[in-house]
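Peer 1: Sharing a structure with you now.
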Amino acid sequence: MPIITKENRIIKMNDIEKRKVVEHNDLISSVAKMDKTPLKIFELAVSYIDTDNPPKDNIIYLSKTELFKFFKVTDSNKHTRFKEAIEIMQKQAFFEVKEKKEKGFEYRSIVPIPEVKWTDYHDEVMIRFDIAIMPYLIDLKTNFTQYALSDVTELNSKYSIILYKWLSMHYNQYEHYANQGGRRQEQLEEYANPSLPVKELRQLTDTLNEYKHFPHFETRVLKNATEEITQHTHFNVSYEKLKKGRSIDSIQFHISKKAQPQELNGEYKEREQDPAYLQDKANREVSQQALFAEAMQSIFTMELIDSSLISPVEMTDISLMANLQQEVYPLYKQLEEIVGIKGVRKHLEYVSSKKLDYSKPNLVKYLKTAVRRYLDSGDTEQPEESKTRFLKRTPRTIEEVAKEYL
Numbered sequence: 002m003p004i005i006t007k008e009n010r011i012i013k014m015n016d017i018e019k020r021k022v023v024e025h026n027d028l029i030s031s032v033a034k035m036d037k038t039p040l041k042i043f044e045l046a047v048s049y050i051d052t053d054n055p056p057k058d059n060i061i062y063l064s065k066t067e068l069f070k071f072f073k074v075t076d077s078n079k080h081t082r083f084k085e086a087i088e089i090m091q092k093q094a095f096f097e098v099k100e101k102k103e104k105g106f107e108y109r110s111i112v113p114i115p116e117v118k119w120t121d122y123h124d125e126v127m128i129r130f131d132i133a134i135m136p137y138l139i140d141l142k143t144n145f146t147q148y149a150l151s152d153v154t155e156l157n158s159k160y161s162i163i164l165y166k167w168l169s170m171h172y173n174q175y176e177h178y179a180n181q182g183g184r185r186q187e188q189l190e191e192y193a194n195p196s197l198p199v200k201e202l203r204q205l206t207d208t209l210n211e212y213k214h215f216p217h218f219e220t221r222v223l224k225n226a227t228e229e230i231t232q233h234t235h236f237n238v239s240y241e242k243l244k245k246g247r248s249i250d251s252i253q254f255h256i257s258k259k260a261q262p263q264e265l266n267g268e269y270k271e272r273e274q275d276p277a278y279l280q281d282k283a284n285r286e287v288s289q290q291a292l293f294a295e296a297m298q299s300i301f302t303m304e305l306i307d308s309s310l311i312s313p314v315e316m317t318d319i320s321l322m323a324n325l326q327q328e329v330y331p332l333y334k335q336l337e338e339i340v341g342i343k344g345v346r347k348h349l350e351y352v353s354s355k356k357l358d359y360s361k362p363n364l365v366k367y368l369k370t371a372v373r374r375y376l377d378s379g380d381t382e383q384p385e386e387s388k389t390r391f392l393k394r395t396p397r398t399i400e401e402v403a404k405e406y407l
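Right under this line is the structure:
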């Protein structure tokens, strides 16, 4: 990223598709007390900070024309609206940052952009960051998150922006450790499927005093945000509600990444045009077909149907059945060796009776988590025959009882 010079200090936005926003995780997890437009102005301004060459006096310069283009504003009242947004940001907006220290947590309230200057007769817009916010934007050796500015551009709700940044923080860790190693498979799954208590989610989205009835909160914050993120960003996001007793205790999100363009020979081409990708895709399809065929022959498939965990229609879903065969059925085989097929059946009946609402892509994770917890619980130590053999018949004499016992 070039350093801004006096001769060319107004930053243009032609490369917005390639531009990234980088922030410290403590800032990602903080409470942003500002509306959508001031939050977008902040994200836009951050994207122009070169962490290797921090801006002098914490000041950057934007083009007013390009700024309106970023917000897709074309009406004649855009200057007034921009001025109002700046006034709101400077008078009301701030971050509540929570940092973990040796003796507990430290809380800081920071006004991120105390000064914005522009004129009616010039295209230049000056934005100055507060000195207190700069460590979260330039001191990024560890614990930072990078995400695409183009994703933020398309989001139309402050809840979507806040949640998108939080999800990016977790998925970035998933990608890092999936490539570099250093984490168990269970930990990787937690990064790609992060959960958050409802109270903390309300704090993050600054809705502790809004939408107090959960159905309203779910509609206005959760549902709208996840749908918007899935529609406009690089992520596919879904969620499920986890209960403690009768009340909803926390929300678990499920994140996956959409296929992205791949650069070949200096040009960006669709990933599907890459021969190596096509070959890998073909290999995966062959493997998937083989797993699907095995699943169709597996006794566990019929057990899932009998327990109403899958339907006959879902049996035609090749991806679902292949993932069940690969991820879940080996665990069911372990359980069968310990408790017998009747024990597996009882487990599935229990799982079916306790399951919450979830979308089909999460079924494999739901079943896998349930059986893994059961195997790790220690309640399956005795084989099914050992636990039930005295119940098969009633001995007629004490001698028979003693013989059976011995």
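If you want our numbering, it's the position in the sequence shown, counting the first as 1, plus 1.
Where a beta carbon is used, it is the ideal one built from N, C-alpha and C, also for glycine.
With a cut-off of 8 Å on the beta carbons, I'd call F218 and T154 a contact; round off their distance for me.
Peer 2: For the purposes of this step, residue 218 is taken as residue 217 along the sequence shown, with counting starting at 1. For the purposes of this step, residue 154 is taken as residue 153 along the sequence shown, with counting starting at 1. Contact doesn't hold; Cβ gap of about 26 Å is too wide.
Peer 1: For T146, report the span of its beta strand (DSSP E) as first-last.
Peer 2: The residue you call residue 146 lines up with position 145 of the sequence shown. Here the beta strand (DSSP E) through T146 covers 145-149.
Peer 1: Go ahead and label F301 buried or exposed: buried means 16 or more other beta carbons lie within 10 angstroms of its beta carbon, across all protein chains shown.
Peer 2: What you label residue 301 is simply residue 300 of the sequence shown in a count that begins at 1. Buried: at least 16 other Cβ atoms inside 10 Å.
Peer 1: Report the CB separation of Q298 from A323 in whole angstroms; it is logged as a contact under 8 Å.
Peer 2: Start at 1 with the first residue of the sequence shown, and residue 298 comes out as number 297. Start at 1 with the first residue of the sequence shown, and residue 323 comes out as number 322. Rounded, the Cβ-Cβ distance is 13 Å, inconsistent with contact.
Peer 1: Using the Cα positions of D207 and V32, report the straight-line distance between them to the nearest angstrom.
Peer 2: Residue numbering aside, residue 207 sits at position 206 when the sequence shown is read from its first letter. Residue numbering aside, residue 32 sits at position 31 when the sequence shown is read from its first letter. Looking at the two C-alpha atoms, the distance is approximately 6 Å.
Peer 1: Leaving out the 5 sequence neighbours to the left and right, which residues in its chain are closer than 8 Å to L168 when beta-carbon positions are compared?
Peer 2: Translated into the one-based positions of the sequence shown, residue 168 becomes position 167. P195, I230, F236, V238, F254, I256.
Peer 1: Taking the alpha-carbon of K159 as reference, which of K21, V22, L205 has the nearest alpha-carbon?
Peer 2: On the sequence shown, residue 159 is found 158 positions in, with the first residue counted as 1. Ranking the options by Cα distance to K159, first place goes to L205.
Peer 1: Measure the Cβ-Cβ separation of E211 and N363 and say whether it is below 8 Å.
Peer 2: As a working note, residue 211 is residue 210 in the sequence shown. As a working note, residue 363 is residue 362 in the sequence shown. For E211 and N363, no; Cβs fall outside 8 Å.
Peer 1: Measure the Cβ-Cβ separation of A226 and L138 and say whether it is below 8 Å.
Peer 2: In the sequence shown, the residue the question calls residue 226 occupies position 225. In the sequence shown, the residue the question calls residue 138 occupies position 137. No, the Cβ-Cβ distance between A226 and L138 is not below 8 Å.
Peer 1: Considering only C-alpha positions, which residue in the set E190, L63, L28, N157 is nearest to H123?
Peer 2: Here residue 123 is taken as the residue at index 122 of the sequence shown, counted from 1. H123 has its Cα closest to that of L63, out of E190, L63, L28, N157.
Peer 1: Over the uninterrupted alpha helix (DSSP H) stretch that includes E219, give me the two end residues.
Peer 2: Looking up residue 219 in the sequence shown gives position 218. No alpha helix (DSSP H) contains E219, which DSSP labels as neither H nor E.
Peer 1: Going by alpha carbons, who is nearest to A260 out of T234, I249, G246, R285?
Peer 2: For the purposes of this step, residue 260 is identified with residue 259 of the sequence shown, where counting begins at 1. The option with the nearest alpha carbon to A260 is T234.
Peer 1: Comparing C-alpha positions only, which one of P56, N78, I311, K34 sits nearest to L209?
Peer 2: Position 208 of the sequence shown, counted from the start, is the residue given in the question as residue 209. Ranking P56, N78, I311, K34 by Cα distance to L209 puts K34 first.
Peer 1: Counting Cβ pairs, one atom from each stretch, are 3 or more of them under 8 Å apart for the segment 124-138 and the segment 44-61?
Peer 2: Result yes; three or more Cβ-Cβ pairs closer than 8 Å.
Peer 1: Give me whichever residues DSSP pairs with Y62 in a beta bridge.
Peer 2: Within the sequence shown, residue 62 is the residue found at index 61, counting from 1. Answer is M127.
Peer 1: Assign H171 to buried or exposed, taking buried as 16 or more other Cβ atoms, counted over all protein chains shown, within 10 Å of its Cβ.
Peer 2: In the sequence shown, residue 171 corresponds to position 170, counting from 1. Flag for H171 reads buried.
Peer 1: Whole-angstrom Cβ separation of L310 and V352, contact assumed at under 8 Å?
Peer 2: The residue labelled residue 310 in the question sits at position 309 within the sequence shown. The residue labelled residue 352 in the question sits at position 351 within the sequence shown. Rounded, the Cβ-Cβ distance is 7 Å, consistent with contact.
Peer 1: Among Y175, V365, Q186, which has the Cα closest to the Cα of D318?
Peer 2: Taking the sequence shown and counting its residues from 1, the one referred to as residue 318 is at position 317. The residue with the shortest Cα to Cα distance from D318 is V365.
Peer 1: With 16 other CB atoms within 10 Å as the buried threshold, where does V287 fall?
Peer 2: Walking along the sequence shown from the start, residue 287 turns up at place 286. Looking at its Cβ environment, which holds fewer than 16 other Cβ atoms inside 10 Å, V287 is exposed.
Peer 1: To the nearest angstrom, how far is the alpha carbon of Y333 from that of L368?
Peer 2: As a position in the sequence shown, residue 333 is number 332, starting the count at 1. As a position in the sequence shown, residue 368 is number 367, starting the count at 1. Straight-line Cα distance between these residues: approximately 10 Å.
Peer 1: Are the beta-carbon atoms belonging to Y175 and A193 less than 8 Å from one another?
Peer 2: Position 174 of the sequence shown, counting from 1, holds the residue named residue 175. Position 192 of the sequence shown, counting from 1, holds the residue named residue 193. Against a cut-off of 8 Å, the Cβ pair of A193 and Y175 comes out as a contact.
Peer 1: Among residues of its own chain, excluding the 5 on either side of S320, which ones have a beta-carbon nearer than 8 Å to its beta-carbon?
Peer 2: As a working note, residue 320 is residue 319 in the sequence shown. Within the same chain, S320 has close Cβ partners Q289.
Peer 1: With DSSP run on the structure shown, which of helix, strand or coil describes L164?
Peer 2: Here residue 164 is taken as the residue at index 163 of the sequence shown, counted from 1. It is helical.
Peer 1: For S354, is the classification buried or exposed, using 16 other Cβ atoms within 10 angstroms of its Cβ as the cut-off for buried?
Peer 2: The count along the sequence shown starts at 1 and reaches residue 354 at position 353. So S354 counts as exposed.
Peer 1: Thinking just about the alpha-carbon of each residue, which of E187, S251, Q93, R20 is nearest to the one in V47?
Peer 2: For the purposes of this step, residue 47 is taken as the residue at position 46 of the sequence shown. Of E187, S251, Q93, R20, the residue nearest in Cα terms is R20.
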